[in-house]
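Visitor: Got a structure for you, written out below as structure tokens; questions coming shortly.
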Amino acid sequence: MSIEKFLKSDFTPDENTRNEIEKLHQEGKSLTGVQLKKADMRGAKLVNADLQNADLTRADFSGASMYGVNLEGANLFKANFEGANLKAANLKNCDCLGTDFSGTKLNNAEWGAEHKVINEKDAEKAFAEGNREKALEKYKEAEDIYRALKISMQAQTLGEDVGKMFIREMIVKRKQMPKFSPIRFVSKLAHITTGYGEKIGNILYSVITVLIFCALIYGINGVVYQDRILGFFVEDVAEYGYLRTFGNLFYFSVVVFSTVGFGEIVPLGFLNKMVMIFEGMTGGLILSIFIIAVYKQLMDR
13 MSIEKFLKSD FTPDENTRNE IEKLHQEGKS LTGVQLKKAD MRGAKLVNAD LQNADLTRAD
73 FSGASMYGVN LEGANLFKAN FEGANLKAAN LKNCDCLGTD FSGTKLNNAE WGAEHKVINE
133 KDAEKAFAEG NREKALEKYK EAEDIYRALK ISMQAQTLGE DVGKMFIREM IVKRKQMPKF
193 SPIRFVSKLA HITTGYGEKI GNILYSVITV LIFCALIYGI NGVVYQDRIL GFFVEDVAEY
253 GYLRTFGNLF YFSVVVFSTV GFGEIVPLGF LNKMVMIFEG MTGGLILSIF IIAVYKQLMD
313 R
């Protein structure tokens, strides 16, 4: 059987299309570039099929068995994959706008570098070319895709993939905001410091950074400890040394950050009091995010 008719842009699927496509696949032929717009492919058996750059616009693949299928570069606009098996599928650079992934098995699917969909890449290209209107449109499309995938993956408890899709959703959402808006700045800060609450490594780095930074600030103005003043510019530092002084300041920083508040060390000056308030509030927030992130990681296992 020839594949030529399926490669024509004006090909119109009929009731025999599914069986013919399955037969071509069984014969070992590549299905790259096939035109299956609006095709009824329900329950199709296309395990490890090569469907690169295929046009599957509005096609119905519900219940299809497509383990390991290669869909790289395919157009999946409003295609129906409800209940289909797409485990280990290659979904790099697919246009998934409006695609129905309800109940779709997406375990170990490949999405490419950083899980970026083609719509987000198109948005970045448009923005680089100065076409802000098109960029915002593509970012919005990407946001809708990430949200749909996130919801589908949540139902399958694919925690790690859910987290990655959530991060991408938040990134494209941020890029739709005015460049110098306060909300965009806060969103970027949340991305860097906590990975939007999904990256434990980022959270730990943020904890260490805040602890060291605040300890250094406390050392500038000094703090009262028992009957002496701890600081980098006081006479005591010559006797106790910078390392021991910093150790005590770091201890104080940990106490403030964790909101334990023993009260044995008291800040000196307006600056240190403001830093103490900042660190206490920041510590409570970051520790809450950290606990939630760890809980999600454990629950996913």
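Just so you know, we're using the working numbering here: the sequence shown kicks off at 13 and counts up by one.
Glycine included, every Cβ here is placed at the ideal spot set by N, Cα and C.
Relative to the C-alpha of residue 270, which residue among 212, 206 and 297 is closest?
Guide: Taking the sequence shown and counting its residues from 1, one reaches residue 270 at position 258. Per the Cα distances, 297.
Visitor: Pop quiz: residue 242 and residue 257 are said to be a contact at Cβ under 8 angstroms. What is the actual Cβ separation, rounded to whole angstroms?
Guide: Translated into positions along the sequence shown, residue 242 becomes position 230. Translated into positions along the sequence shown, residue 257 becomes position 245. The pair is a contact, with the Cβ atoms about 6 angstroms apart (cut-off 8 angstroms).
Visitor: Helix, strand or coil for residue 22 per DSSP?
Guide: Start at 1 with the first residue of the sequence shown, and residue 22 comes out as number 10. Residue 22: coil per DSSP, three-state reduction.
Visitor: Given a threshold of 16 other Cβ atoms within 10 Å of its Cβ, counted over all protein chains shown, does residue 306 qualify as buried or as exposed?
Guide: The count along the sequence shown starts at 1 and reaches residue 306 at position 294. Exposed: under 16 other Cβ atoms inside 10 Å.
Visitor: Which residue wins for smallest C-alpha separation from residue 38, given the options 200, 213 and 56?
Guide: Counting from 1 along the sequence shown, the entry for residue 38 is found at position 26. Out of 200, 213 and 56, 56 has the C-alpha closest to the C-alpha of residue 38.
Visitor: Residues in its own chain within less than 8 angstroms of residue 54 by CB, not counting five upstream and five downstream?
Guide: Locating residue 54 in the sequence shown gives position 42, where the first residue counts as 1. 30, 72, 73, 74, 75 and 76, listed in sequence order.
Visitor: For residue 182 versus residue 208, is the C-beta distance shorter than 8 angstroms?
Guide: If you number the sequence shown from 1, residue 182 lands on position 170. If you number the sequence shown from 1, residue 208 lands on position 196. Yes, these two residues count as a Cβ contact at 8 angstroms.
Visitor: Starting from residue 194, trace the alpha helix (DSSP H) both ways and give me its first and last residue.
Guide: Counting from one through the sequence shown, the residue named residue 194 turns up at place 182. Residue 194 -> alpha helix (DSSP H) spans 194–206.
Visitor: Just to confirm the assignment, what range does the alpha helix (DSSP H) spanning residue 163 have?
Guide: Numbered from 1 along the sequence shown, position 151 holds the residue referred to as residue 163. Residues 144–167.
Visitor: If you reduce the DSSP assignment to three classes, tell me which class residue 242 lands in.
Guide: As a working note, residue 242 is residue 230 in the sequence shown. Of the three classes helix, strand and coil, the one that applies to residue 242 here is strand, per DSSP.
Visitor: Quick check: what's the CA-CA separation for residue 185 versus residue 95?
Guide: By 1-based counting over the sequence shown, the position of residue 185 is 173. By 1-based counting over the sequence shown, the position of residue 95 is 83. Spanning the two alpha carbons is a distance of roughly 29 angstroms.
Visitor: Go to residue 183, then tell me how far its alpha helix (DSSP H) extends in each direction, as first and last residue.
Guide: Start at 1 with the first residue of the sequence shown, and residue 183 comes out as number 171. Per DSSP, residue 183 belongs to the alpha helix (DSSP H) from 171–187.
Visitor: Run through the DSSP bridge pairs and tell me what residue 77 is partnered with.
Guide: Here residue 77 corresponds to residue number 65 of the sequence shown, with the count starting at 1. Paired residues: 57 and 97.
Visitor: Looking at the structure shown, is residue 278 part of a helix, part of a strand, or coil, going by DSSP?
Guide: The sequence position of residue 278 within the sequence shown is 266, counting from 1. Of the three classes helix, strand and coil, the one that applies to residue 278 here is strand, per DSSP.
Visitor: Output the distance between the C-alpha atoms of residue 142 and residue 135, rounded to the nearest integer angstrom.
Guide: Locating residue 142 in the sequence shown gives position 130, where the first residue counts as 1. Locating residue 135 in the sequence shown gives position 123, where the first residue counts as 1. Approximately 11 angstroms, taken between the alpha carbons.
Visitor: Where does the unbroken beta strand (DSSP E) through residue 235 begin, and where does it stop?
Guide: One-based indexing of the sequence shown puts residue 235 at position 223. Unbroken beta strand (DSSP E) run through residue 235: 235–237.
Visitor: Under a Cβ-count criterion, where at least 16 other Cβ atoms within 10 Å of its own Cβ denotes burial, should residue 144 be classed as buried or exposed?
Guide: The residue you call residue 144 lines up with position 132 of the sequence shown. Exposed, since its Cβ has fewer than 16 Cβ neighbours within 10 Å.
Visitor: So, for residue 158: in the same chain, excluding its five sequence neighbours on each side, which residues have a beta-carbon less than 6 angstroms away from its beta-carbon?
Guide: Along the sequence shown, one-based indexing puts residue 158 at 146. Excluding positions up to five away in sequence, the list reads 177, 180 and 181.
Visitor: May I have the straight-line CA-CA distance separating residue 40 from residue 190, to the nearest angstrom?
Guide: Here the question's residue 40 lines up with position 28 in the sequence shown. Here the question's residue 190 lines up with position 178 in the sequence shown. Whole-angstrom Cα-Cα distance: 51 angstroms.
Visitor: Within its chain, find whatever has a CB closer than 7 angstroms to the CB of residue 21; leave out the 5 residues flanking it on each side and keep chain order.
Guide: Looking up residue 21 in the sequence shown gives position 9. Contacts found: 47.
Visitor: Measuring straight from C-alpha to C-alpha, what distance separates residue 92 and residue 66?
Guide: Counted from its first residue, the sequence shown places residue 92 at position 80. Counted from its first residue, the sequence shown places residue 66 at position 54. Roughly 15 angstroms between the two C-alpha positions.
Visitor: If you measure between the beta carbons of residue 126 and residue 175, is that distance less than 8 angstroms?
Guide: Residue mapping note: residue 126 aligns to position 114 of the sequence shown, counting from 1. Residue mapping note: residue 175 aligns to position 163 of the sequence shown, counting from 1. No, the Cβ-Cβ distance between residue 126 and residue 175 is not below 8 angstroms.
Visitor: May I have the straight-line CA-CA distance separating residue 24 from residue 50, to the nearest angstrom?
Guide: By one-based count along the sequence shown, residue 24 stands at place 12. By one-based count along the sequence shown, residue 50 stands at place 38. One C-alpha to the other measures close to 8 angstroms.
Visitor: Looking at residue 278 and residue 236, is the spacing between their C-beta atoms short of 8 angstroms?
Guide: Counting from 1 along the sequence shown, the entry for residue 236 is found at position 224. Counting from 1 along the sequence shown, the entry for residue 278 is found at position 266. Going by C-beta atoms, residue 236 is nearer than 8 angstroms to residue 278.
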